Amino acid sequence: MDRLLSRQGRRARRCRAPVARRTGPHRAGAMRRRALMLLIWLWAVPLPARPTAPAALLADLQAWQAIPDPVARQNFGRQRVLPWFDLDAMLWRLLGPRLAALPPARRQALRRALGAFLLDGLARQRPATGWTGRLMATAGAEGLLQVTGRRADGRPLSAAFALRRTPFGWRVVDVQLDGTDWLEAWCRRKG
Numbered sequence: 000m001d002r003l004l005s006r007q008g009r010r011a012r013r014c015r016a017p018v019a020r021r022t023g024p025h026r027a028g029a030m031r032r033r034a035l036m037l038l039i040w041l042w043a044v045p046l047p048a049r050p051t052a053p054a055a056l057l058a059d060l061q062a063w064q065a066i067p068d069p070v071a072r073q074n075f076g077r078q079r080v081l082p083w084f085d086l087d088a089m090l091w092r093l094l095g096p097r098l099a100a101l102p103p104a105r106r107q108a109l110r111r112a113l114g115a116f117l118l119d120g121l122a123r124q125r126p127a128t129g130w131t132g133r134l135m136a137t138a139g140a141e142g143l144l145q146v147t148g149r150r151a152d153g154r155p156l157s158a159a160f161a162l163r164r165t166p167f168g169w170r171v172v173d174v175q176l177d178g179t180d181w182l183e184a185w186c187r188r189k190g
């Protein structure tokens, strides 16, 4: 009987011991060591290089233009290409302080209309050869991506995207296609 009680007591002590360690200072030290090891591992293991913003924008444009189905191309444009454009900055450039005075529903309608105009125009100017581009200049928080292609009839097509670094990453703040400023063209069209 004594042996049985002593075995049960040892088992009970073994079961209780880890509970005491989990809440004590030893557990905090182990967590700190694990966190330190994770930081060392993250520092030592090279991460895959992320593409620069102009390269990622160009890749999205090329993928978008390569989609043959118009509905799929429109969905891809809304999901992957349109987020590159800083529509608020473009509208501010066009309207200035008047934009802040507009009701939120009107501002949202203007954003949607400008986004649809940009996507529709880029889709209509779809090059037959695909886009090729290069980063022309980067000065601090601003850059210019020059993109060229050829239409189906062989005529050249060029586009310039003015990029600006925002808290959300690089965004397109101005677009020119074949020398035409698209924001001004949108203003003329809207009246």
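One point on numbering: in numbering that gives the first Met the number 0, the residue at position 155 of the sequence shown is 154, and numbering is uninterrupted.
Glycine residues also receive a C-beta, built at the ideal position from the N, C-alpha and C atoms.
A quick note: this is a predicted structure, and the numbers were derived from the prediction, not measured.
9 angstroms Cβ cutoff met for residue i and residue j
{"i": "Arg77", "j": "Gly114", "result": "yes"}
{"i": "Leu182", "j": "Leu121", "result": "no"}
{"i": "Ala158", "j": "Val172", "result": "no"}
{"i": "Asp177", "j": "Gln107", "result": "no"}
Buried or exposed by the 16-neighbour rule on C-beta atoms within 10 Å, applied to residue i
{"i": "Phe167", "result": "exposed"}
{"i": "Arg170", "result": "buried"}
{"i": "Arg195", "result": "An answer regarding residue 195 cannot be provided, because it is not within the stretch 0 to 190 covered by the chain."}
{"i": "Ala48", "result": "Bear in mind that the predicted position of Ala48 carries a pLDDT of just 45, short of 50, making it unreliable; the figure below should be weighed with that in mind. So Ala48 ends up on the exposed side."}
{"i": "Val174", "result": "buried"}
Backbone CA spacing between residue i and residue j [nearest angstrom]
{"i": "Val80", "j": "Leu118", "result": "8 angstroms"}
{"i": "Pro103", "j": "Arg32", "result": "50 angstroms"}
{"i": "Arg184", "j": "Trp63", "result": "Strictly speaking, residue 184 in this sequence is Ala, with Arg absent from that position. Distance between the alpha carbons of Ala184 and Trp63 is about 23 angstroms."}
{"i": "Thr179", "j": "Gly95", "result": "21 angstroms"}
{"i": "Phe75", "j": "Met30", "result": "44 angstroms"}
{"i": "Arg187", "j": "Ala34", "result": "58 angstroms"}
{"i": "Ala54", "j": "Leu109", "result": "29 angstroms"}
{"i": "Arg150", "j": "Asp85", "result": "27 angstroms"}
{"i": "Arg111", "j": "Leu98", "result": "14 angstroms"}
{"i": "Gly132", "j": "Arg105", "result": "35 angstroms"}
{"i": "Pro67", "j": "Gly148", "result": "17 angstroms"}
{"i": "Pro69", "j": "Phe116", "result": "16 angstroms"}
{"i": "Ala100", "j": "Ala65", "result": "41 angstroms"}
Whole-Å CB distance - residue i paired with residue j, under 8 angstroms assumed
{"i": "Leu57", "j": "Trp83", "result": "The Cβ separation is near 10 angstroms, so there is no contact."}
Three or more C-beta pairs closer than 8 angstroms, one from the region 142 to 157 and one from the region 88 to 102: is that the case here?
no
Do the region 157 to 173 and the region 138 to 148 touch if we need at least three Cβ pairs shorter than 8 angstroms?
yes
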